[in-house]
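A short write-up of the structure that comes next.
Protein chains: 2
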Amino acid sequence: MPDLPFDTTDPRLAAAAWTRVAEPGDPVAGALRARLGAGAALEWLGHVRRSGRSSPAVPPGGTLQEDGVTVLEWDKAVARWLPRLEDLDIRRELSMLDAVGGRLLLPGDAEWPAALADLAERAPAALWVRGHGRLDRPRPAVAIVGMRASTGYGETIAAQLAIELAERGVVVVSGGAYGIDAAAHRGALSADGLTWAVLAGGVDRLYPAGNTRLLEAVMEEGVVLAEPAPGSSPGRHRFLERNRLIAALGRVCVVVEAGWRSGALNTAKHAEELLRPVAAVPGPVTSMASAGCHRLLRDHGAVCVTDAADVLELLAPSGEDLAPDRPVQPGLLDGLDPLGSRVLDALPARSAASLGSLARAAGLSEREVRAGIGRLELTGHVERSGAGWRRSRGPA
Amino acid sequence: MPDLPFDTTDPRLAAAAWTRVAEPGDPVAGALRARLGAGAALEWLGHVRRSGRSSPAVPPGGTLQEDGVTVLEWDKAVARWLPRLEDLDIRRELSMLDAVGGRLLLPGDAEWPAALADLAERAPAALWVRGHGRLDRPRPAVAIVGMRASTGYGETIAAQLAIELAERGVVVVSGGAYGIDAAAHRGALSADGLTWAVLAGGVDRLYPAGNTRLLEAVMEEGVVLAEPAPGSSPGRHRFLERNRLIAALGRVCVVVEAGWRSGALNTAKHAEELLRPVAAVPGPVTSMASAGCHRLLRDHGAVCVTDAADVLELLAPSGEDLAPDRPVQPGLLDGLDPLGSRVLDALPARSAASLGSLARAAGLSEREVRAGIGRLELTGHVERSGAGWRRSRGPA
């Protein structure tokens, strides 16, 4: 069999090739690249292909303790990858990327998002990127995700969250899908903010087609990115692995609306595994579009968020002081102190009362009544009436 | 000054008297009764009254370590209580109770609810009770509370929760107020279940007047109870202490709708202090009537509940197996196993594909594709087509 038709010693070509050889999130591929480097890893794979797989295929170095990959796993992985070598010429995908004015990002590139390091061996071999924005913006990013079959309620909340977060300089990350994703992207754009869309298929084809305009708008200031090479079709498995990138790129994951089985819950699961705070927006318990959010709140320790301030508080611990100053929240009762309220309650509606009768009515000592009545007089709730006191006629 | 006009050695008269001498939840009164007993405590108070309070008043036994009441607290408490002795004749309130066919309950009585023991020194000296029900029903009780200015959404949910809980033999405890309270009582009644209403004022006057019919219906099978003696008016302080009884009587506290300052949050606070699970029903984040519930979920570790089954699960740990069998929840994806879904995704929409091309497309080994395709054939998703496979024409 012929060797690979491109120069596997070119790190860019080699890394790009791995986005075609292995499916997103393939941990064995990550372990192999970590051990040999993308180029040498391809070389070895080509060698196995030429020599045939008589004995189990294990890369140079054998089964190391640290990569924790068994002989069987190595062999099964090779069996997964070899078929992909048949027609592999990554220069084709790179020219498809050039055709749409995109760029390839490698780990180590200045623009490579540091947050992806948390994915360890499941980090992408490379990213296919389009758009005028940069992924290395020194800004916090928040993932806002939800179901496609969203309600007007969910879309309104998603857009509002995105607007307020974008106004605070937060990058809104989502999946470019219909429903909540689109509402989040639109919200960020309407606030002239930054937003990133992570696709499950190649960036050459903006998917879904109905969101082409929206994704083009995202690319004006932000980026559209994907792990699979151009020409790759989005599939269920790729959607699920795409979700891990959304979860990794966001420092917080906010689920706005999700059905009981929504893929948004999968994004939340990835965020949880990556130790990112997971937040859920509650909704009517009668709305199936909120069932997944309530499930996250009930069973997965998600944080209940109702506005952007709640989300910013989840970001704050990691440095920035982005949370707006919340107004001081009123107590469970109105401004009256307990003593004052007890004395006021004891005052008859219309007639006046003496200190003694107030003490009996309120169950307080006369000294306590004097203290309470004094404050109530200051606040204008009561006024003197002969030897006693009465409720003020004027509004307190 | 004359002695008290009634026989303070009669335990019932003495205990009843304390519900007039001290305000609900007065911990010093509880400590005094615990030390001397209700009767002797009154006697001592009468003695202090006769002899005047020159030196700080401390009961026989001085300031004991265990009751943790300081000299100053004893003296201040006495100053609170003495004014109440002026016109004290509890026989009057007892005759008011007789007039409405009520009964007085004392700690130690067979019907005394054991749950109140958790209130320790803040437990009531006695309870004034009306209704054909009994407070010692061997059934679990759940508190369902919420704001008066509730929405149709909240009232519907409260009623539905009460109906389903009552159908499972759970007693619904609430405060008899307008809004959520009333909806909870009505729900339980509509299911021919038991419900208890805890009032903030005397049981001689069913409050609020607009709920008289409802409270009369509650008394047919359940009870209306209060800590303050008949003739006592409901005041803010008494509402707050009434809430502690609701929290104590319920094994779980469910807040259905609560504004940011709603008194229902005070009930939840009492429940939290009593180590009762606090549950909150979420609602639209745009509804101020749910702001308090979301606050409980976000800041106070309340459990998010969306139906009666969720509430029953909170009851279950303490013994009964009340929770209905939940249907097995579907996974985040449909029935397809990951392997099957990856193979199916790789199959072209209309044309057939070989094992080899499927392996390349899916990023799987041919052996894995064979395994996956086998299951897909069994489930009717795919069918053989010449040397390859295609998606089934019939519905899977």
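Protein chains in written order, with full-length UniProt numbering: chain A, 1 to 396; chain B, 1 to 396. Where is the CB? At the ideal position from N, CA and C, for every residue including glycine. Everything numeric in this text was worked out from a predicted model, so none of it was measured.
Around the CB of T19(A), 16 or more other CB atoms lie within 10 Å, so the residue is classed as buried.
Of the residues assessed, L315(B) falls on the buried side of the cut-off, its CB having 16 or more other CB atoms within 10 angstroms. Annotation: the continuous beta strand (DSSP E) that includes S385(B) extends over 382-385. Judged by DSSP in its simplified three-state form, V78(B) adopts helix. In this structure, DSSP gives A226(B) an extended state, which the three-state scheme calls strand. By the beta-carbon neighbour count (other beta carbons within 10 angstroms, threshold 16), H381(A) is buried. Residue burial annotation: E313(B) is buried, with at least 16 other C-beta atoms found within 10 angstroms of its C-beta. Taking a Cβ-Cβ cut-off of 7 Å, P138(A) has no neighbours in chain B, whose nearest Cβ is about 29 Å from it. Closer than 8 Å at the C-beta level to chain A, one finds these residues of the region 22-54 of chain B: A22, E23, D26.
By the CB criterion at 9 Å, R134(A) and V224(A) fall outside the cutoff. Of the candidates P60(A), T63(A), D181(A), L94(A), L94(A) places its Cα closest to the Cα of G202(A). Using a CB distance cut-off of 9 Å, A184(A) does not count as an interface residue toward chain B. Straight-line measurement puts the Cα of R122(A) at about 54 Å from the Cα of A188(B). In this structure, D87(B) is the residue among A226(B), L119(B), D87(B), A114(B) with its C-alpha nearest to the C-alpha of L4(B). Counting only residues of its own chain and dropping the five nearest sequence neighbours on each side, G193(B) has a CB closer than 6 Å to the CB of A166.
9 Å or more divides the Cβ of I157(B) from the Cβ of V281(A).
At least 9 Å separates the CB of R375(A) from every CB of chain B. Of all residues in the region 82-104 of chain B, only P83, R84, E86 come within less than 7 Å of chain A when Cβ atoms are compared, listed by chain position.
The beta carbon of A34(A) lies closer than 8 Å to those of D67, E121 in the same chain, with the five residues before and after it left out. Within chain B, not a single residue places a beta-carbon under 9 Å from that of H300(A); the smallest gap is close to 10 Å. Per the coordinates, the alpha-carbon of A191(B) lies some 16 Å from the alpha-carbon of S174(B). Considering only A226(A), L364(A), A346(A), the residue with the shortest C-alpha distance to G131(A) is A226(A). Chain B places a beta carbon closer than 9 Å to that of I157(A), counting this residue as a contact. Excluding its 5 nearest sequence neighbours in each direction, R342(A) has C-beta neighbours in its own chain below 6 Å: A362, listed in chain order. G388(B) is bridged by DSSP to S385(B). In the structure shown, the three-state DSSP call for T195(A) is strand. In terms of beta-carbon proximity, Y207(A) stays away from the interface with chain B, with every pair separated by 9 Å or more. In this chain, S262(A) is not harboured by any alpha helix (DSSP H), its DSSP state being neither H nor E. In this structure, DSSP gives L104(B) an extended state, which the three-state scheme calls strand. Counting only residues of its own chain and dropping the five nearest sequence neighbours on each side, G340(A) has a CB closer than 6 Å to the CB of G372, R375, L376. Taking a 10 Å sphere around the C-beta of R393(A), we find fewer than 16 other C-beta atoms and assign the residue as exposed. The count of Cβ pairs closer than 8 Å, one atom from the region 22-37 of chain B and one from the region 241-255 of chain B, reaches three, so the stretches are in contact. Contacts between V303(B) and chain A, judged by CB atoms closer than 8 Å, involve R298 in chain order. Using a Cβ-Cβ cut-off of 9 Å, P230(A) does not count as an interface residue toward chain B, since no Cβ of chain B sits closer than that to its own. In chain order, A79, P83 make up the part of chain A whose C-beta sits under 9 Å from the C-beta of E366(B).
The three-state reading of DSSP puts W112(B) in coil, since its state is none of H, G, I, E or B.
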